[in-house]
Each structure stands twice: as C-alpha cells, then as structure tokens.
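Residue numbers (this note's numbering): 276 to 576.
These notes are about the structure you will find just below.
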C-alpha cells in the first residue's frame, strides 16, 4: 500500500472512531429514555459481523485482530475475503474450525443472503436449499446458526401473502437446523419488511422453535424516541443481535437495558457499513469496545 493510500485509510478509520466518540454525550431527543447506570457486567458479549468492517480481512487477520482486542465472536458474512463458504470441503471446514478454536475465537454464525419473498416459487425453493447448505456448513464449523433475511415486499403481491410465504419458507430451514443442532436467525431487514410488526407476522407464520430473530438496530425500531414497543413485539424470538455505528443516534442504552431485562445472554455483533483497512482494524475495534462498555453501564433491568 502506498503512503498516500495508507494515510487515506487511516483518516477514514479515524473519522469512524471520532464519529462514535462524538455520539456519547449527545442527547438526540429529550424524550429518549436514559436507563439508570449499573456496574454489573452485561450478560451478553461483543463480537463482529465481517460485514463490512472485516470484509477485506482474511481469516488470519480476523483471528489476529479479534484476539488483540479481546473479542471472541464472529459472524462470517458470505462473499467476504475470509472465504468461509458452503463450497469448502470437509477438510477445509475442519481446518477453519480448528484455527478458530485454537485461538479462542467462537464462530457464532454465518451471514447468508438467503431471502424468501420472491413471487417465483422456484427462486424461493433455491433459496431454501441454499440456506440448508449454510446450515450444513454451520454444523461442521460448530457455529450456533445462520442468518437469513427478508428483503422487501413485491408490489404485485398482497402484503399478507408475502409475509405468510416468508414465514412458511422458514419452516423447512428450521427443520434442517433442528436436525443439525443449529438455529436460523431472521434479520430484521429490508424495505418494508424491517418494520417490527411485519417481522412479528413472519415469525408467527413460521412458528418453528429453531427459527428466531436477529435484531438489527434499525431506525424503524424507534417510536417516539424509544425502542421498547418494537422490542416487545419481537422479544420472544430474539436469538442474535446486530449493532451498528454508535454515532447514529440509535438509543443503544435502552437496547442494552431491554436485552438485560429479557435475560439475553448471547452476543451483540458490530455491523457497520464502512470497510476498514486491516492495519487499522484493531484501533477501531478497541474504541468501539470501550464505547460499548460505556453504553452498557447505562443498561439496567
């Protein structure tokens, strides 16, 4: 990398860090709930989604950077440089698993792009089969689950029909997950489908114990400055959680308070849109971890 490229990459990382720091004292809405502070450690952990902070990091870099920062959990998003994909052979899967286990890294999950809203039944069937392939990979890697997503509502189809289709399409995925001792996590995602009330409808149509929700920290969650109404809609299904840029104004203190309240003892995973040069990843993750710790101290039951 040239000196100028390295400088630009560092400045980009610094901007991300500065933005996150700048969020902390800001009150974006006077009505925002501010939970009382606590010294108790949260029951949940911090990890990363490779989207997009580690999109250009290979497996060696991911392991090294997480280890340096003291983070243990990773969700491998498909198509990224780490190369953790269903196309890996059994031997390659065993090698990835061993490398992570030897370093104390937990492969929390796999981030697929499987989606089930298409009006074409053949497309939906293909997506279900792809999800099953990711579940097989998750099983071989010792991962907890596979993330899938809704990604919109086709205008030519009635909303209720599409929501039911998505929910029912998740059932065979859940059945495979049960057989493989894994889970399926439906990310709160997509234009129109990210609305928590619609996500609840999807989950009610599914009704499979191995299928849960991946909370995604979206703007659609916030109602009059608070997330509690949205959180309560989906709380029975939350099995994973994505958190994003801490300068977004999202009420993270309240989110962490709600996670404590429902005894969520899993993982909150950093998912930010900007790619970060591997040489600056440790800096950003250290700042993010410290900010996360600060935000969690305001989260009490």
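Even glycine gets a Cβ: it sits at the ideal position worked out from N, Cα and C.
Between residue 317 and residue 517, the alpha-carbon positions lie close to 16 angstroms from each other. Within the same chain, and ignoring the five residues on either side of residue 464 in sequence, the residues whose Cβ sits closer than 7 angstroms to its Cβ are 424, 425, 426, 491. Residues 391, 392, 425, 477 of the same chain have their beta carbon placed closer than 6 angstroms to that of residue 441, with the five preceding and five following residues left out of the count. As the crow flies, the alpha-carbon of residue 452 is around 6 angstroms from that of residue 485. Three or more Cβ pairs closer than 8 angstroms define a contact, and the region 332 to 347 falls short of that threshold against the region 524 to 537. Pairwise C-beta distances place the region 428 to 437 out of contact with the region 376 to 383, as fewer than three of them are shorter than 8 angstroms. Bounds of the alpha helix (DSSP H) holding residue 403 are 396 to 416. If you draw a straight line from the Cα of residue 359 to the Cα of residue 487, it is about 23 angstroms long. At the C-beta level, residue 457 and residue 501 stay beyond 8 angstroms of one another. Taking 4 residues as the shortest admissible run, the region 337 to 391 contains the following complete alpha helix (DSSP H) segments, listed from N- to C-terminal end: 365 to 377. When Cβ pairs closer than 8 angstroms are counted between the two stretches, the region 344 to 351 is seen to touch the region 538 to 557, the count reaching three or more. Taking 8 angstroms as the cut-off, the Cβ atoms of residue 445 and residue 461 count as close. Here residue 459 is buried. Its C-beta has 16 or more other C-beta atoms within 10 Å.
Note on residue 482: under 16 other CB atoms within 10 angstroms of its CB, so exposed under the neighbour-count rule. If only complete runs of 4 or more residues are kept, the region 488 to 513 shows the alpha helix (DSSP H) at 503 to 509, in order along the chain. Here the region 364 to 375 makes no contact with the region 393 to 400; the two share fewer than three CB pairs at distances below 8 angstroms. For residue 442, the enclosing alpha helix (DSSP H) covers residues 434 to 454. Of the candidates 519, 382, 372, 325, the residue whose Cα lies closest to the Cα of residue 356 is 325.
Straight-line measurement puts the Cα of residue 519 at about 8 angstroms from the Cα of residue 548. DSSP places residue 476 in the uninterrupted alpha helix (DSSP H) bounded by 471 to 481. With fewer than 16 other beta carbons inside 10 angstroms of its own, residue 472 counts as exposed.
A direct Cα-Cα distance of roughly 20 angstroms separates residue 443 from residue 386. For the set 534, 522, 550, 532, the Cα lying nearest the Cα of residue 566 is the one of 522.
Looking at the backbone, the Cα of residue 314 and that of residue 562 are separated by about 19 angstroms.
Between residue 340 and residue 509, the C-beta spacing is not below 8 angstroms.
The C-beta of residue 496 has 16 or more other C-beta atoms within 10 Å across all chains shown, which makes the residue buried. Here DSSP, grouped into helix, strand and coil, assigns residue 555 to helix. Residue burial is scored here from C-beta neighbours: residue 435 has fewer than 16 other C-beta atoms within 10 angstroms and is therefore classed as exposed.
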